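Student: Can you keep this structure in mind? I'll have questions shortly.
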């Protein structure tokens, strides 16, 4: 079943609206990690200690889940609060600069997350999405949720 929502169009980042030159902004953005973030490493190490073996950033699955366990058809994403729109309705009104770029950008990320979730579910996968701050503050609870799923085989 194809995803029905119309794709959000993200405008190009305007240099006029930004504070940095292209080179400087590129250097800043380059420091943002996409893989092996601290919350991901904490989560993976905790799973490994529970003797759960997994794949990292599996290219075979839509959205390249941060952790996937093929045996249990489980995909786990650990999302950053800013990039994936945590508490978005409240936070988007607080954006001060370049709103015309950032609002569609983050809303498109959220839309893509929904599309990926749907694709994975259609493939028979169960999807867990944890916020990075949940991993930092409640790692035990997040790991427990995954272990409950694995041990009981029940869908959430």
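In the working numbering, the protein residues as written are 750 to 905. Beta carbons are placed, not taken as given, at the ideal position from N, Cα and C, and that holds for glycine. Just so we're clear, the structure is a prediction, and the values are computed from it rather than from any experiment.
Would you check if the segment 819-837 and the segment 857-868 touch, i.e. whether three or more CB-CB distances between them fall below 8 Å?
Tutor: Counting Cβ pairs under 8 Å, three or more are found: they touch.
Student: So residue 849 and residue 877 are in contact, right, with Cβ under 8 Å, and what is the actual spacing, rounded?
Tutor: Taking the chain shown and counting its residues from 1, one reaches residue 849 at position 100. Taking the chain shown and counting its residues from 1, one reaches residue 877 at position 128. The pair is not a contact, with the Cβ atoms about 33 Å apart (cut-off 8 Å).
Student: Less than 7 Å between C-beta atoms, sequence neighbours within five positions excluded: which residues of the same chain meet that for residue 833?
Tutor: For the purposes of this step, residue 833 is taken as residue 84 along the chain shown, with counting starting at 1. Closer than 7 Å at Cβ, skipping near neighbours: 858, 859 and 862.
Student: If you measure from the beta carbon of residue 886 to each beta carbon in chain C, is any gap under 8 Å?
Tutor: Considering every chain present, this structure includes no chain C. It has just one protein chain.
Student: Following the continuous alpha helix (DSSP H) through residue 795, name the residue where it begins and the one where it ends.
Tutor: On the chain shown, residue 795 is found 46 positions in, with the first residue counted as 1. 787-798 is the extent of the alpha helix (DSSP H) around residue 795.
Student: In the structure shown, what three-state DSSP assignment does residue 817 receive?
Tutor: Looking up residue 817 in the chain shown gives position 68. If DSSP states are grouped into helix, strand and coil, residue 817 belongs with the strands.
Student: If I follow the unbroken alpha helix (DSSP H) through residue 875, where does it start and stop?
Tutor: As a first step, residue 875 must be located in the chain shown, where it is residue number 126. That residue, residue 875, is in no alpha helix (DSSP H); its beta strand (DSSP E) goes 875-880.
Student: To the nearest angstrom, how far is it from the Cα of residue 851 to the Cα of residue 844?
Tutor: Here residue 851 corresponds to residue number 102 of the chain shown, with the count starting at 1. Here residue 844 corresponds to residue number 95 of the chain shown, with the count starting at 1. The alpha-carbon atoms of residue 851 and residue 844 are separated by roughly 8 Å.
Student: Please report the distance separating the alpha-carbon of residue 884 from that of residue 830.
Tutor: Counted from its first residue, the chain shown places residue 884 at position 135. Counted from its first residue, the chain shown places residue 830 at position 81. Distance between the alpha carbons of residue 884 and residue 830 is about 12 Å.
Student: Helix, strand or coil for residue 869? Go by DSSP, reduced to three states.
Tutor: Locating residue 869 in the chain shown gives position 120, counting from the first residue. Note: residue 869 maps to helix in three-state DSSP.
Student: Shortest alpha-carbon distance to residue 812 belongs to which of 757, 839, 872 and 800?
Tutor: Residue 812 sits at position 63 when you count from the first residue of the chain shown. When each option's Cα is compared against that of residue 812, the closest is 872.
Student: Identify the continuous alpha helix (DSSP H) that holds residue 838 and give its terminal residues.
Tutor: What you label residue 838 is simply residue 89 of the chain shown in a count that begins at 1. Here the alpha helix (DSSP H) through residue 838 covers 837-841.
Student: Please report the straight-line C-alpha distance between residue 905 and residue 870, rounded to a whole angstrom.
Tutor: Here residue 905 refers to the residue found at position 156 when the chain shown is read from its first residue. Here residue 870 refers to the residue found at position 121 when the chain shown is read from its first residue. For residue 905, the pLDDT reaches just 49, beneath the cut-off of 50, and the residue's location in the model is therefore unreliable, although a value from the coordinates is still provided. So the two alpha carbons sit approximately 12 Å from each other.
Student: Tell me whether residue 859 sits in a helix, a strand or coil according to DSSP, three-state version.
Tutor: Indexing the chain shown from 1 puts residue 859 at position 110. Correct three-state label for residue 859: helix.
Student: Can you name the start and end residues of the beta strand (DSSP E) that residue 828 belongs to?
Tutor: Indexing the chain shown from 1 puts residue 828 at position 79. First-last of the beta strand (DSSP E) with residue 828: 823-828.
Student: Tell me the DSSP bridge mates of residue 802?
Tutor: Counting from 1 along the chain shown, the entry for residue 802 is found at position 53. Residue 802 pairs with nothing; no bridge assigned.
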